[in-house]
Amino acid sequence: MATIPDVELREVTKRFGPVEAVRDVSLQISRGEFFTLLGPSGCGKSTTLNMIAGFVDPTGGLVFLRGECVNYRAPFERNTAMVFQNYALFPHMTVWDNVAFGLRMRRVPAGELRRRVDEALEKVRLAGFESRFPRQLSGGQQQRVALARAIVTRPAVLLLDEPLSNLDLKLREAMRLELKALQRELGVTTLYVTHDQSEALVMSDRIAVMSHGRVEQLGTALDIYERPTTPFVAGFIGTTNLLKVRTVETRTEHRAVVITAGGLALEATVGSSVEGDRLMVAIRPEKIQLLSPAVADQGFHNGVIVHTIYLGSTVRYIVALDGGEELTVDQVSGDSAVTWTKGDRVAVRLSPPHCLLMGDR
Amino acid sequence: MPVQRMIERTLPRAAFTLVVLAIYAFMFLPIAVVLVTSVGASRYLEFPPRALSLRWYQAALVKDWIEPAWVSFNLALMSAGIATLLGSAGAFAIVRHRFRGRDAIAALLHSPLAIPSIVAGVAIVQFFTVVGAKWLLGFPALLLAHAMETIPFVTRTVSVSLLGVDRTLEQAAMNLGARRWQMLRYVTLPLIKPGLFAGAAFAFVVSFNNVNLSLFLVRPGVITLPIRIMNFLEFGVAPVLAAVNILSLAAVLVVVAVAERVGGFTKFLYGQ
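As given, the protein sequences belong to chains G and B, one line each in that order.
Read left to right, the first sequence gives residues 1409 to 1769 (our numbering).
Read left to right, the second sequence gives residues 1320 to 1591 (our numbering).
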């Protein structure tokens, strides 16, 4: 390997009594990368973060920071910098003292300290707020102080624990872009923890989707959205039609013809992980084509619209196929194309590249 | 303050104000009477005094009164110091750690509040006699007993403060490179300071006013002010007592004011 990753986990496991919070997690984060742990609450993502920061000791496995094993290093010896979900600003210190704290602990000389604190506050656009106390700031400003306090120490890795979850929607969306821009500018290796899939998709270079303590899939946003390898990933990111497979008629390396539990026969692309007792086919609602039965020919399935939901840029249809299977279909709204209403008969086209066959492991 | 709001809702405003005034009157009128009496010129307790004079203050500021006052002052200051150290150490152990016997230790730390101090006083004398340390009677014994008696006040206030400290603040400190002692020094202690000083102030006042324990532990030459007052009372009441009372009250108020100035403990008692 040419370069040493800033963060590396090797088969890291954490047990709390009988509960396995994190199971065999291995990953590498390279210099400057924006890496996200994405998953529902209780999936082990925060525990993983805390093991890197040193607040939680792994039961098994190794944690490396810049090539050095830190399993037995105390949190203050690790050179990580964390932005906490509640910001954890010291309430008895001014903004300036909060930001200077890490540098004071590192015994940075006064002149350099002043310069670096000023610089960090400027970076987060809080110059002029030095003598305020945290309680005198808005949520967004507090969060920027927490960010400045973390980056000023020039850590090996910046750890962000759901930092945007306490902000209101508008601010959250603005902060995503700001945070990402700042991260780019500083080139700081970043590990981001969130349960918000759109946050993860917007900001990350790579994403590890976690469930029940395990990494379900690791890849770019595109990989994870377009080519989910497990039903969990397909269901957690965006909306997905997950159809249970009853029988596999024919199967080659890349394609398979299957019959679903609802009696739908379709051709699907074989995913990379097809182990498990039950197989599933995942189809994104926007990849499904709706047509009038009149113009449809072979390869279409007939059904009826049972529900329409207007979502602004798209319209969501629930279609009951004649065989009994029900599908969610998204179509761009306001298009010249036909819009359907409840009770309309439609023809549904499922193209094999967009039907992913996967195992439930 | 929800209790206040509840009372305010049930009692009409005027009645509420009246009740509050009555409570204040109940608390402060006796002190006012003592204050007025202390500046009387008569040889007997007289209220209201017919002539004013500071002669009883002059009589109070003599060796006979200053010496016990000095003993009490030092005793209160030192036992408050010891109680603050031990009591807050106990609070840290109880609040921050889970260990065998934790509940027992918590109960032990609060037990001085439950045992009548006059019983404790007798027990302590007995103890020193049995272990052959009667020579400790006097100031050392007083100090030990007062520290023990006042520990629960500190444990209580510090526990409450500690429970209010967000653990992620301590994690943040360590994450930023603070060693354990630096985290304590720069983050935890400043945050629990109001509780620490509230406990210390309570301890000081409780020790300064203590009669029951001191009764058994003083020895000739080492006598506390409350015991000196009690001894004096055996011979009757005199206006000099009013002056002594007012002076000692002033001394306590000064100490409490200093503690408030440094530690801001009213923040602990009444919130921000």
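The beta carbon of each residue, even a glycine, is placed where N, CA and C say it ideally should be.
- Note that the C-beta distance between Leu1380(B) and His1465(B) is not below 8 Å.
- In its chain, beyond the 5 residues on either side, Val1666, Ile1667 have a beta carbon closer than 8 Å to the beta carbon of Thr1655(G).
- Among the CB atoms of chain B, none fall inside 8 Å of the CB of Ala1528(G).
- In this structure, Phe1509(G) sits away from Phe1492(G), with a CB-CB distance that is not shorter than 8 Å.
- No Cβ of chain G is located within less than 8 Å of the beta carbon of Arg1324(B).
- Of the residues Arg1374(B), Gly1359(B), Trp1375(B), the one whose Cα lies closest to the Cα of Pro1368(B) is Gly1359(B).
- When only Cα atoms are considered, Lys1453(G) and Gly1447(G) end up about 7 Å apart.
- Counting along the chain, the unbroken alpha helix (DSSP H) around Met1397(B) starts and ends at 1382–1415.
- In this structure Leu1577(G) is not in contact with Thr1598(G), their Cβ atoms being roughly 23 Å apart against a cut-off of 8 Å.
- At a cut-off of 8 Å between beta carbons, Gly1510(G) contacts chain B.
- Residues Thr1356, Gly1359, Pro1558 of the same chain have their beta carbon placed closer than 8 Å to that of Glu1365(B), with the five preceding and five following residues left out of the count.
- In the structure shown, Ala1508(G) adopts helical secondary structure according to DSSP, grouped into three states.
- Taking 8 Å as the CB threshold, Pro1636(G) stays off the interface with chain B.
- Per DSSP, reduced to three states, the secondary structure at Asp1738(G) is strand.
- Listed in chain order, the non-local C-beta contacts of Ala1669(G) below 6 Å within the same chain comprise Lys1652, Arg1654, local neighbours out to five positions each way being set aside.
- With fewer than 16 other Cβ atoms from the protein chains shown falling within 10 Å of its own Cβ, Lys1453(B) counts as exposed.
- Listed in chain order, the alpha helix (DSSP H) runs fully inside the region 1432–1459 of chain B are 1436–1449, counting runs of at least 4 residues.
- Cβ contact annotation for Ile1412(G) (same chain, cutoff 6 Å, sequence separation greater than five): Gly1475, in chain order.
- Using a Cβ-Cβ cut-off of 8 Å, Thr1597(G) is close to nothing in chain B; its nearest Cβ partner there is about 16 Å away.
- Scanning the region 1482–1555 of chain G for uninterrupted alpha helix (DSSP H) segments of 4 residues or longer gives 1503–1513, 1518–1531, listed from N- to C-terminal end.
- Measuring C-alpha to C-alpha distances from Pro1539(B) to each of Val1525(B), Met1325(B), Leu1456(B) identifies Leu1456(B) as the nearest.
- Of all residues in the region 1492–1516 of chain B, those with a C-beta nearer than 9 Å to a C-beta of chain G are Ala1492, Met1493, Asn1494, Leu1495, Gly1496, Ala1497, Arg1498, Arg1499, Gln1501, Met1502, Tyr1505, Val1506, Pro1509, Leu1510, Lys1512, reading in chain order.
- Straight through space, the alpha carbons of Val1575(B) and Ala1569(B) are spaced by roughly 10 Å.
- In the three-state reduction of the DSSP assignment, Ile1713(G) falls in the strand class.
- In terms of beta-carbon proximity, Asn1574(G) stays away from the interface with chain B, with every pair separated by 8 Å or more.
- Phe1484(G) reaches chain B at Ala1492, Met1493, Asn1494, Leu1495, Gly1496, Ala1497, Arg1498, Arg1499, Gln1501, Met1502, counting residues in chain order whose Cβ is nearer than 9 Å.
- No Cβ of chain B is located within less than 8 Å of the beta carbon of Asn1479(G).
- With the rule of 3 Cβ pairs closer than 8 Å, the region 1678–1689 of chain G does not count as touching the region 1328–1341 of chain B.
- Assignment of Gln1605(G) by DSSP, reduced to helix, strand and coil, places it in the helix class.
- Shown here, Ala1344(B) sits in a helix according to DSSP, grouped into three states.
- Of the residues Arg1423(G), Met1766(G), Ala1535(G), Ala1702(G), the one whose Cα lies closest to the Cα of Phe1640(G) is Met1766(G).
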